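Peer 1: Using the working numbering, read the sequence shown as starting at 1 and increasing by one per residue.
Where is the CB? At the ideal position from N, CA and C, for every residue including glycine.
These figures come from a predicted structure and were not determined experimentally.
Got a structure for you, questions after.
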Amino acid sequence: MGIKTANIAVYPVSVFHSSNKSFWFSSLEKILENYPFLEHPHKQSFYMLLFVEKANGNTFLDNSTIRLDEPKVICIKPNSVFSLDINRAAKGFAICFTESFFHCGTTIMYCTSLLF
Numbered sequence: 001m002g003i004k005t006a007n008i009a010v011y012p013v014s015v016f017h018s019s020n021k022s023f024w025f026s027s028l029e030k031i032l033e034n035y036p037f038l039e040h041p042h043k044q045s046f047y048m049l050l051f052v053e054k055a056n057g058n059t060f061l062d063n064s065t066i067r068l069d070e071p072k073v074i075c076i077k078p079n080s081v082f083s084l085d086i087n088r089a090a091k092g093f094a095i096c097f098t099e100s101f102f103h104c105g106t107t108i109m110y111c112t113s114l115l116f
């Protein structure tokens, strides 16, 4: 049985309190302390790449459970139902970006202001 998604929260990348509306980057360490909504099923209006170096726990993506017990990369597309359950000392990174991140100019050099 799948998760009912009719009333599920949808978060924009700005939920991370970033001044940039199309990009956000963070360590996984203490990510759940800083952003506890990630522990509950929700949707995101942005892409997320999770680079897991070391962790114990699971991530739930749509109707799948992914065990986080070894290094891996997880790609989460917009509007997927997602939640994260990892130990507070997890090692790795989360990179979040919107579609507009790729349309900020004709070359990546024009995008550096979004990153730094």
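Give the straight-line distance between the Cα atoms of residue 52 and residue 95, rounded to the nearest whole angstrom.
Peer 2: Rounded to whole angstroms, residue 52 to residue 95 spans 11 Å at the Cα level.
Peer 1: If you follow the alpha helix (DSSP H) that residue 31 is in, where does it begin and where does it stop?
Peer 2: Where residue 31 is concerned, the enclosing alpha helix (DSSP H) stretches over 31–34.
Peer 1: Do the CB positions of residue 42 and residue 16 come within less than 9 Å of each other?
Peer 2: No, they are not a contact pair.
Peer 1: Would you give the residue range spanned by the beta strand (DSSP E) that residue 94 belongs to?
Peer 2: It spans 91–97 - the beta strand (DSSP E) in which residue 94 sits, taken as one unbroken run.
Peer 1: Where does the unbroken beta strand (DSSP E) through residue 62 begin, and where does it stop?
Peer 2: Residue 62 -> no beta strand (DSSP E), and no H or E assigned at all.
Peer 1: When we look at the beta-carbon of residue 55 and count the other beta-carbons within 10 Å, is it buried (16 or more) or exposed?
Peer 2: Looking at its Cβ environment, which holds 16 or more other Cβ atoms inside 10 Å, residue 55 is buried.
Peer 1: Thinking C-beta only, is residue 80 closer than 9 Å to residue 62?
Peer 2: For residue 62 and residue 80, yes; Cβs fall inside 9 Å.
Peer 1: Comparing alpha-carbon positions, which option in 57, 102, 65 and 10 lies nearest residue 88?
Peer 2: Here the closest residue by C-alpha is 57.
Peer 1: Flag this pair as yes or no: are the beta carbons of residue 18 and residue 92 separated by less than 9 Å?
Peer 2: Not in contact: residue 18 and residue 92 (Cβ atoms no closer than 9 Å).
Peer 1: Would you check if the distance between the CB atom of residue 33 and the CB atom of residue 85 is smaller than 9 Å?
Peer 2: Cβ distance not < 9 Å, so residue 33 and residue 85 don't count as in contact.
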